[in-house]
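The next block holds one structure in the form of structure tokens; read it before the comments.
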Amino acid sequence: MILVVFILLFFCGLCMVYLGQSLKRPTIQGPILIVTAHPDDECMFFSPVILSLLKWDIPVDLLCLSSGNYYGVGRTRRNELRRSVSILGIRHHRLVCDKKLPDNPRKIWPAERVQMYVCKAVRKWHSKTIISFDISGVSGHSNHCQIHSALAEMPRGVPGMFVYCLKTYKPLFKYCTPLIVLLAFCLEHEHVFCVPFTGTLTPHKAMLQHRSQLLWFRYLYMVFASYMYINVLFPLNTMER
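Just so we're aligned: the sequence shown equals residues -22 to -1, 1 to 219 in mature numbering (1 follows the signal peptide of the UniProt record, and there is no 0).
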């Protein structure tokens, strides 16, 4: 019975959010640059906004700042990212292999190094908007948080940079999708993006390409995590710069 209520809440909430956003074009300007720390971040956390923007023919590119080589499988993860990007429909992507940006939560990423790669991608792909992590980094991984810090410190003079952050929620909301869907619909509808109905399983298909990362708890994540179905963004405002 509880499971039935859970499923009904999820689909009712998702329908409300989808109907609320399906008739209006997103105000976020493209091309869009998604900035992530590791292969699989793009589908674990950003699938809803990627698929929503692509539905409106807004081009989306990806800059991944490490190969995810913490356990020595960087080459494998590079190939997995290529397949995931293809499934999601991302236009261009670049995976950075830089010894100063290792996949390691105990290492500090130099902000100027992150900024350099972001600026190169913006110029190359003519990006108008950047989307990345907020200060909590969704999962709390230090590499995620350091990307946010680097973006927050970027000079104001960099052309064409509107920055949006993916909102981090407490575990109750993070892993109880019906609650976050209803909360997002009620309180934060302006920058809410949900997976289009025609692509409901696309994030899961993309995630399955990252086979080297598919431990048992990742399957639970694919089912229960709100970030597989809905994203809430907020602008990186002047108070954070």
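For glycine and all other residues, C-beta sits at the position ideal for the given N, C-alpha and C.
Fair warning: this is a prediction, and the values are worked out from it, not measured in the lab.
Collapsed DSSP secondary structure at residue i in the structure displayed
| i | result |
| --- | --- |
| C154 | coil |
| residue 225 | Past the boundaries of the shown model lies residue 225; the chain is included only from -22 to 219, so the question cannot be answered. |
| S117 | coil |
| L11 | strand |
| R72 | strand |
| D35 | coil |
| F140 | strand |
| residue 220 | There is no way to answer for residue 220, as the model of the chain reaches only from -22 to 219. |
| N57 | helix |
| I208 | strand |
| residue 222 | Residue 222 lies beyond the stretch modelled for the chain, which goes from -22 to 219, so this question has no answer here. |
| L129 | helix |
| L40 | strand |
| H122 | helix |
| L66 | helix |
| E218 | A caution first: E218 carries a pLDDT of 47, below 50, which makes its placement in the model unreliable, though a value can still be read off. Three-state result, E218: helix. |
| K102 | helix |
| A89 | helix |
| V96 | helix |
| residue 236 | This structure cannot speak to residue 236, because the chain is shown only from -22 to 219. |
| P83 | coil |
| F23 | coil |
| V51 | coil |
| R196 | helix |
| P149 | helix |
Beta-carbon contacts of residue i that lie in its chain and below 7 Å, excluding the five residues immediately before and after
| i | result |
| --- | --- |
| E58 | P17, Q187, H188, R189 and S190 |
| Q93 | A128 and M132 |
| H126 | S110, F111, D112, I113, G115 and C143 |
| R61 | Q187 |
Contact with chain D by residue i, beta-carbon distance below 7 Å
| i | result |
| --- | --- |
| W194 | In summary, chain D is missing from the structure at hand, where a single protein chain is found. |
Integer Cβ distance of residue i from residue j, believed to fall under 8 Å
| i | j | result |
| --- | --- | --- |
| N47 | P83 | Not quite, the Cβ-Cβ distance comes to about 13 Å (not below 8 Å), so this is no contact. |
| S114 | D81 | At roughly 19 Å, the Cβ-Cβ gap does not stay under 8 Å, so S114 and D81 are not in contact. |
| P205 | V116 | For clarity, residue 205 is Tyr in the given sequence; the question names Pro instead. Right, their Cβ atoms sit about 7 Å apart. |
| W34 | R3 | 5 Å |
Sequence-distant residues of the same chain with beta carbon closer than 8 Å to residue i, five excluded per side
| i | result |
| --- | --- |
| K78 | W87, P88 and R91 |
| A203 | M22, K152, Y153 and T155 |
| G67 | I28, L29, L32 and V38 |
| V96 | L11, V13, L41, I108, A128, L129 and M132 |
| D19 | C42 and H122 |
| T54 | S190 |
| T180 | S25, L29, I65, L66 and V173 |
Contact set for residue i: own chain, Cβ-Cβ below 6 Å, skip 5 residues either direction
| i | result |
| --- | --- |
| V72 | What sits at residue 72 in the sequence shown is Arg, not Val. Taken in chain order, the residues that qualify are L41. |
| D177 | One point to set straight first is that residue 177 is Gly, not Asp, in the sequence displayed. Once the five neighbours on either side are set aside, the close Cβ partners of G177 are L29. |
| A99 | L11 and L41 |
| M185 | C21 and M200 |
| F24 | I12 |
| G135 | Per-residue confidence for G135 stands at a pLDDT of 49, beneath the threshold of 50, marking its modelled position as unreliable; no derived number is given. |
| T5 | none |
| I65 | K183 and A184 |
| F195 | none |
- prompt: With contact counted as at least three CB pairs below 8 Å, one residue from each stretch, are the stretch 143 to 150 and the stretch 37 to 51 in contact?
  reply: Touching, no, given that fewer than three Cβ pairs across the two stretches are closer than 8 Å.
task: Note down, one range per segment and in chain order, each beta strand (DSSP E) of at least 3 residues found wholly within the stretch 163 to 192.
output: Correct list: 170 to 172.
task: Report yes or no: do the stretch 102 to 117 and the stretch 1 to 16 share at least 3 C-beta pairs separated by less than 8 Å?
output: Proximity of the stretch 102 to 117 to the stretch 1 to 16 meets the contact definition, three or more beta-carbon pairs being nearer than 8 Å.
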